[in-house]
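Those protein sequence lines, which keep their order, are chains B and H. Read left to right, the first sequence gives residues 1 to 278 (my numbering). Read left to right, the second sequence gives residues 279 to 451 (my numbering). Data block below; observations after.
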Amino acid sequence: MDIQTVLDRIAAQAAAGDIAFSAHAQVAVRVQRQLDDPDCSIEQLCKLIAGDPILAARTVGVANTVAFNPGGRAITDLKSAVARLGFSALRALTASVIVRQMSWTLPSGEHKAISIKLWEHTAHVAALARVIARRITRQSPDAAFLAGIVHEIGSFYLLAQESVYPGLLRSNLECWRGDGEAKVGRAILQALEIPHSIREAAETLWSGFLAMPPASLGDTLLLADELAPVESPLGELMGMSRREMPVEIEILVDGDTLSHILAESAEEVASLTNALKH
Amino acid sequence: MTAFCPQPQAIKSVVLKSGDFHFGYGPTRISTLLGSCVSITLWHPRRRIGGMCHYMLTDRRRPPGMPPDGRYANEAFELFLQHVAREATIPPEYQAKLFGGARMFDNSDDGRIDIGAQNIEYGLKLLDEHGITVMSSHVGGSGRRKLHFDLWSGEVWLAFPEGEGARTSKRGP
């Protein structure tokens, strides 16, 4: 199999909007569209979200994390959860359901395991990006959270294509981290009508150049990606794993250090990561 | 953050190889590729001047009368100090960023001296001794780093293509 040809074909399909969502993800897609409606009400949203038990449970779960509920006042109903999260964070959560479902039809246990690890990595990046945005780069935490959720969307799509192109993941995937990931990711983010600022952040991630110290939403995402304790399994498949050879990063922010800020925010990051993982 | 951004065609590109050093101002972008070597950037935020070195080793027994050699950290730093004095500035007025020091062999128990780690420690020590604040650092790991330093803004752009699983570390100030 000529991997470059296959990746080009996958990217072209995605660019043409030829992306199949499961019935499950369609609820999340409808919620995304509803969020774009300026007349969207909380009642309408809740009715839609209630149609998907996983999205409903995740909405309430995330609303109760330390990240969104520092006071520790637990809520159990959907309407309060949506009100607490706000529409931007809710957009990120629905995106998480869409991203996650992409690889649910994977043929083998091996591929499912890759998918689970990829999601674990995604959850870490999203939770870290939210904290980095708030405490370090002064970007919108919700935008950073969404950027983290969707940053591996191309990889999830690639995984899902294993059923169409058996053996795809055993191929030489070097060109995936070249421009394949950017081509496919760009097309899917466009098809899902993900906001421009998030797509721009993804472009920074794909270009790979991090401003030191980080400043933009793209830098926020890149830094979260580098700091995530669980690395993308796609890197391992390409023989680019960096386990046991950590990079040390330090940044001075208003007299405080990145390591100190992250240590302070560890509970917040862990609570959000866990809520996303389940 | 950036007060002045030159037209792309006006940007002068300076590429540092191991042991090279550049100090200047204006629309200049200094670039380099790092493995176990370390690059330090120094930038004066008010005067908008600065420089970058690319050293390979910490120090050596320097032959008498020899000019500083940028391949060694202490001598590269001497070059910095010469330019800092020539510009009628003092080291603590500068902001530093430090990069590189990767371990280039995928085996931590092979008895090899970790040159990258030594280079990092030595660079941080030199900066500390001269009262220069380290604004950011991205060091260690095991891959190559591509680095651009824009002298007009003090911004540094870093690509670490295989980079992931980083950790933060508590170092001065």
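Glycine residues also receive a C-beta, built at the ideal position from the N, C-alpha and C atoms.
Discussion item. I'd like to check one pair, Ala-67(B) with Leu-234(B): are the Cβ atoms closer than 8 Å?
Written reply: no
Item to complete: Return the residue from the list Cys-283(H), Thr-310(H) and Ser-431(H) that minimises the CA-CA distance to Trp-321(H).
Response: Ser-431(H)
Discussion item. Taking 8 Å as the limit between beta carbons, can you name the residues of its chain near Pro-348(H), skipping five residues before and five after?
Written reply: Here residue 348(H) is Gly; the residue named in the question, Pro, does not match the sequence. Within the same chain, Gly-348(H) has close Cβ partners Gly-297, Asp-298, Phe-299, Cys-331, His-332, Tyr-333, Ala-354 and Leu-357.
Worksheet item: What's the C-alpha gap between Phe-145(B) and Ile-42(B)?
Response: 21 Å
Discussion item. Suppose you measure from the CA of Pro-214(B) to the CA of Leu-258(B); what does that come to, to the nearest Å?
Written reply: 11 Å
Worksheet item: Can at least three beta-carbon pairs, one atom from the stretch 391 to 402 of chain H and one from the stretch 309 to 321 of chain H, be found at a separation below 8 Å?
Response: yes
Worksheet item: Does Val-60(B) have its Cβ less than 8 Å from a Cβ in chain H?
Response: no
Worksheet item: Are the stretch 132 to 145 of chain B and the stretch 159 to 166 of chain B in contact at 8 Å, needing three or more beta carbon pairs?
Response: no
Practice prompt. Out of Pro-246(B), Asp-37(B), Arg-91(B) and Gln-44(B), point me to the one whose CA is closest to Gly-148(B)'s CA.
Written response: Arg-91(B)
Practice prompt. Along the alpha helix (DSSP H) that carries Leu-276(B), what are the first and last residues, could you check?
Written response: 266 to 277
Fill in: Counterpart residues of His-300(H) in DSSP-defined beta bridges
Met-330(H)
Practice prompt. Can you tell me which of Pro-286(H), Val-412(H), Gly-329(H) and Arg-307(H) puts its alpha carbon nearest to the alpha carbon of His-361(H)?
Written response: Gly-329(H)
Fill in: Pick from Asp-406(H), Asp-337(H) and Leu-359(H) that is closest to Phe-301(H), judged by C-alpha positions
Leu-359(H)
Worksheet item: Could you check where the beta strand (DSSP E) with Thr-411(H) kicks off and where it finishes?
Response: 411 to 418
Worksheet item: Between which two residues does the beta strand (DSSP E) carrying Asp-428(H) extend?
Response: 423 to 428
Discussion item. Under 8 Å, CB to CB, which of the residues in the stretch 411 to 423 of chain H have a partner in chain B?
Written reply: Thr-411, Val-412, Met-413, Ser-414, Ser-415, His-416, Val-417, Gly-418, Gly-419, Ser-420 and Gly-421
Practice prompt. If I'm right that Leu-425(H) touches Leu-436(H) with Cβ under 8 Å, what's the distance once you round it to whole angstroms?
Written response: 6 Å
Worksheet item: Exposed or buried, which one is Gly-409(H) when buried takes at least 16 other CB atoms within 10 Å?
Response: exposed
Worksheet entry | Outcome for Met-279(H) when other beta-carbon atoms lying within 10 angstroms are tallied against a minimum of 16 | At Met-279(H), the pLDDT of 46 sits below 50, so the modelled position is not reliable and the matter cannot be decided from this model.
Worksheet item: chain H beta carbons: is any one of them nearer than 8 Å to that of Val-247(B)?
Response: yes
Worksheet item: Nearest chain B C-beta to Trp-435(H) closer than 8 Å, yes or no?
Response: yes
Discussion item. Going by DSSP in three states, Ala-211(B) sits in which element: helix, strand or coil?
Written reply: strand
Discussion item. Between which two residues does the beta strand (DSSP E) holding Thr-310(H) run?
Written reply: 306 to 312
Worksheet item: Of all the CB atoms in chain B, is at least one closer than 8 Å to the CB of Ala-444(H)?
Response: yes
Item to complete: Indicate the three-state DSSP secondary structure (helix, strand or coil) for Pro-451(H) in the structure shown.
Response: In this predicted model, Pro-451(H) has a pLDDT of only 45, less than 50, meaning its place in the structure is not dependable; the value taken from the coordinates is given anyway. Correct three-state label for Pro-451(H): coil.
Worksheet entry | Short Cβ contact (8 Å threshold) for Thr-220(B) with Ala-133(B) | yes
Fill in: Rounded straight-line distance, which links the Cα of Leu-78(B) to that of Ile-10(B)
37 Å
Worksheet item: Is any beta-carbon of chain B found at less than 8 Å from that of Lys-375(H)?
Response: yes
Worksheet item: Going by alpha carbons, who is nearest to Val-150(B) out of Ser-171(B), Leu-169(B), His-260(B) and Trp-206(B)?
Response: Trp-206(B)
Fill in: Contiguous alpha helix (DSSP H) assignments of at least 4 residues, all confined to the stretch 29 to 62 of chain B
42 to 50
Practice prompt. Report the residue from Gly-304(H), Gly-418(H) and Asp-406(H) whose alpha carbon sits nearest the alpha carbon of Ile-398(H).
Written response: Gly-418(H)
Worksheet item: Between Gln-287(H) and the rest of its own chain, which residues show a CB-CB distance below 7 Å, the 5 nearest in sequence each way excluded?
Response: none
Worksheet item: Rounded to a whole number of angstroms, what is the C-alpha to C-alpha distance between Ala-57(B) and Ser-80(B)?
Response: 13 Å
Worksheet item: Is there a Cβ from chain B that is less than 8 Å from the Cβ of Ser-291(H)?
Response: no
Fill in: Positions along the stretch 77 to 110 of chain B whose CB lies within less than 9 Å of some CB in chain H
none
Worksheet item: Does the beta-carbon of Ser-414(H) have 16 or more other beta-carbons within 10 angstroms, so that it is buried, or is it exposed?
Response: buried
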